[in-house]
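Beneath this line is the structure, given in structure tokens, with notes to follow.
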Amino acid sequence: MANNDDSFYHVFPKGFIWGMANSAYQTEGGWKADGKGESIWDRFCHEDASRIKDSSNGDVAMDSYTKYKEDVKLLKDMNAKMYRFSISWPRVLPKGTSELVNEAGIDYYNRLIDELLANGIEPCVTLFHWDLPQPLQEMNGWLNEELVQFFAEYARLCFSRFGDRVKYFITFNEPWVFSMKVYDFATFAPAIKEPLESPYKAVHTMLKSHAVAYQIYKNEFKDKQKGKVGFSVDSSNYGPKDPSSPTDLEAADKAFQFRLGWIVNPLINGDYPPIMKESIAQQSKLEGRSTSRLPVFDPESSTILKGSIDFLGLNYYTAELVTTIKAGEEANCPTNTPGWNRDLGLDRIRDPNGKLCGVWWQRDVPTGLRNTLNWIKKQYGNPPVIITENGRAESDDRLEDDDRIAYFRGHINETLKAVLLDSCDVQGYLGWCLLDVFEWSDGYTVGFGVHRVDRTSQEKTRTPKKSAKYLAQIFKENGFPDKQ
Ligand code: PNW
Numbered sequence: 000m001a002n003n004d005d006s007f008y009h010v011f012p013k014g015f016i017w018g019m020a021n022s023a024y025q026t027e028g029g030w031k032a033d034g035k036g037e038s039i040w041d042r043f044c045h046e047d048a049s050r051i052k053d054s055s056n057g058d059v060a061m062d063s064y065t066k067y068k069e070d071v072k073l074l075k076d077m078n079a080k081m082y083r084f085s086i087s088w089p090r091v092l093p094k095g096t097s098e099l100v101n102e103a104g105i106d107y108y109n110r111l112i113d114e115l116l117a118n119g120i121e122p123c124v125t126l127f128h129w130d131l132p133q134p135l136q137e138m139n140g141w142l143n144e145e146l147v148q149f150f151a152e153y154a155r156l157c158f159s160r161f162g163d164r165v166k167y168f169i170t171f172n173e174p175w176v177f178s179m180k181v182y183d184f185a186t187f188a189p190a191i192k193e194p195l196e197s198p199y200k201a202v203h204t205m206l207k208s209h210a211v212a213y214q215i216y217k218n219e220f221k222d223k224q225k226g227k228v229g230f231s232v233d234s235s236n237y238g239p240k241d242p243s244s245p246t247d248l249e250a251a252d253k254a255f256q257f258r259l260g261w262i263v264n265p266l267i268n269g270d271y272p273p274i275m276k277e278s279i280a281q282q283s284k285l286e287g288r289s290t291s292r293l294p295v296f297d298p299e300s301s302t303i304l305k306g307s308i309d310f311l312g313l314n315y316y317t318a319e320l321v322t323t324i325k326a327g328e329e330a331n332c333p334t335n336t337p338g339w340n341r342d343l344g345l346d347r348i349r350d351p352n353g354k355l356c357g358v359w360w361q362r363d364v365p366t367g368l369r370n371t372l373n374w375i376k377k378q379y380g381n382p383p384v385i386i387t388e389n390g391r392a393e394s395d396d397r398l399e400d401d402d403r404i405a406y407f408r409g410h411i412n413e414t415l416k417a418v419l420l421d422s423c424d425v426q427g428y429l430g431w432c433l434l435d436v437f438e439w440s441d442g443y444t445v446g447f448g449v450h451r452v453d454r455t456s457q458e459k460t461r462t463p464k465k466s467a468k469y470l471a472q473i474f475k476e477n478g479f480p481d482k483q
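Here is the structure:
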């Protein structure tokens with residue numbers, strides 16, 4: 000690598016966790032195998048194929064339900080020490096509730112966990128990566144607070160059946176992306192356009208569910224199992240459009256509060272960020288409402304939410320630049336749509352300084368990751384962080400994926416700076432994604448994978464891309480030992 004770049008040559012602290020991530024619906028297939036129930040994504044794709052760009056679905060996906068041993072081998076070949084995967088809730092509880100446990104589904108995850116451990120790879124299990132059991136959606140999904148109890152039962156089942164071997168649990172994946180894509184953009188299952196109240200309500204239920212699950216782990220399992228329970232949040236980096244403008248700097252901080260703080264402030268401090276409460280109360284008033292659209296935590300929920308993570312999972316992909324909206328320009332501002340966007344009330348663009356990636360919303364801005372890690376450190380007193388997703392989209396599955404290599408190199412190097420130069424407590428890095436997988440409403444038209452999958456072959460043949468070999472080297476050398 001050229002010497003005239005701004006890379007930092009050093010290794011990560013000993014014990015730094017390297018690995019890859021994935022999720023159930025995007026990878027497993029076997030959508031109705033061995034007693035699995037229907038999820039909201041099964042229903043969404045089957046009901047109307049035109050909802051997905053290439054009219055595809057996850058019925059077969061990468062067939063990891065049968066090919067999991069091959070996935071573990073790929074991880075081993077990459078020198079990975081951790082694999083983050085998610086459990087399909089309806090695979091283990093077909094009706095969503097503990098009324099019916101599908102032992103065949105439990106067996107599948109037991110086999111996967113055992114295979115990982117036999118290969119020296121630590122399992123990291125996400126409980127909710129968006130594939131809610133359809134019967135729970137019929138009850139109004141996350142808008143119904145009864146889901147707190149159903150999630151608690153599901154979490155207890157997972158802790159009790161897998162926790163003897165799984166030491167890292169993540170309750171939820173990316174509530175911001177989930178609630179915005181479902182209830183605001185209405186492009187993700189079950190796509191219900193209700194941007195004003197529903198994203199807030201859904202996130203509220205998820206946070207309360209997390210807190211109850213965390214209590215269950217702490218009270219019933221932790222002493223014996225000695226594992227950790229975390230939560231994965233998504234965030235862009237938010238920078239000022241004009242770095243010399245104090246109001247733009249303030250705007251960037253406000254955007255972080257609305258995106259990351261919405262979720263993380265409750266998990267650490269037991270309540271939503273003050274600026275969010277103020278802004279949404281004000282907007283609600285302007286809409287003629289007598290109360291704020293942002294729900295309020297009852298004292299008990301607030302108490303159990305406070306300090307309810309053993310680690311914070313950060314999913315980072317891109318960076319945005321923000322500025323205030325000029326008076327009179329509100330109607331012309333594309334990022335000022337009713338709901339979360341208008342409540343935030345800022346003019347936002349994807350950072351034009353970064354190279355455009357294979358999806359419209361992604362630009363390659365590595366310094367944004369270091370800044371985001373520092374924002375978390377400063378705002379929340381340096382909590383332990385694991386980067387639970389980071390990766391680059393391509394619009395094809397080329398094996399010579401040099402742009403993806405550049406993305407990984409830049410982002411891992413900025414993480415190294417955050418750890419060694421800024422003392423951010425980052426304990427691990429998981430790349431997204433092990434394979435090219437079903438990319439939600441984009442179907443199979445874009446890929447984040449470091450392995451190509453031949454979906455036309457019976458074997459679903461996996462082939463390492465150049466980036467898989469590149470990451471294998473970083474993982475092995477624990478960073479960037481010297482200039483090369
Ligand atoms: C994440 N954004 O989604 C999800 O956790 C994965 O399941 C998904 O495959 C991956 O990232 C790539 O999309 C995101 O607009 C979707 O900033 C959108 C955004 C971020 C993350």
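Take the sequence shown: its letter number 407 is residue 406 in numbering that gives the first Met the number 0, and every next letter is one higher.
Backbone N, C-alpha and C fix where the C-beta goes; we use that ideal spot for every residue, glycine too.
Closest to residue i by C-alpha separation, out of the options, would be which residue?
i	options	result
S440	T186, M179 and D130	T186
L99	Y8, E152, A117 and D62	E152
A467	F407, G238 and G427	F407
D62	Y24, D309, R292 and L135	Y24
K416	V295, L368 and L156	L368
F150	S197, I86, D363 and D163	I86
V449	E458, C432 and I215	C432
Flag this pair as yes or no: are the beta carbons of residue i and residue j separated by less than 8 angstroms?
i	j	result
Y82	G28	no
F447	R391	yes
N389	Y315	yes
S300	K200	no
Q282	R341	yes
L304	P265	yes
W261	W129	no
Y167	V124	yes
G353	S394	no
F171	H209	yes
A212	A254	no
V321	D247	yes
Run through the DSSP bridge pairs and tell me what residue i is partnered with.
i	result
P132	S38
V228	F168
Y315	S234
H450	P463
P489	Coverage of the chain is limited to positions 0 through 483, which leaves residue 489 absent and any answer about it impossible.
M138	Answer by DSSP bridge pairing: none, since M138 is not bridged.
I'd like to confirm something about residue i: is its beta-carbon nearer than 7 angstroms to some heavy atom of the ligand PNW, or not?
i	result
D233	yes
Q282	no
F257	no
N412	no
N314	yes
F43	no
T322	no
E173	yes
F447	yes
Between residue i and residue j, what straight-line distance do the alpha-carbon atoms span, to the nearest angstrom?
i	j	result
S38	G327	45 angstroms
N3	A79	Confidence at N3 is low in this model, with a pLDDT of 48, below 50, so its placement is unreliable and no value can be given for it.
V506	K35	Here the chain covers residues 0 to 483 and nothing more, so residue 506 does not appear.
A1	K475	Confidence at A1 is low in this model, with a pLDDT of 38, below 50, so its placement is unreliable and the value that follows should be read with caution. If I take the Cα positions, the gap works out to 21 angstroms.
V165	E121	8 angstroms
I473	V263	30 angstroms
T371	N236	6 angstroms
L88	G95	Looking at the sequence shown, residue 88 is not Leu but Trp. Cα to Cα, the separation comes out at about 7 angstroms.
K297	H203	The sequence given here has Asp at residue 297, not Lys. So the alpha carbons of these two residues sit roughly 11 angstroms apart.
N477	K284	53 angstroms
A32	A60	13 angstroms
S22	P273	33 angstroms
G409	R403	10 angstroms
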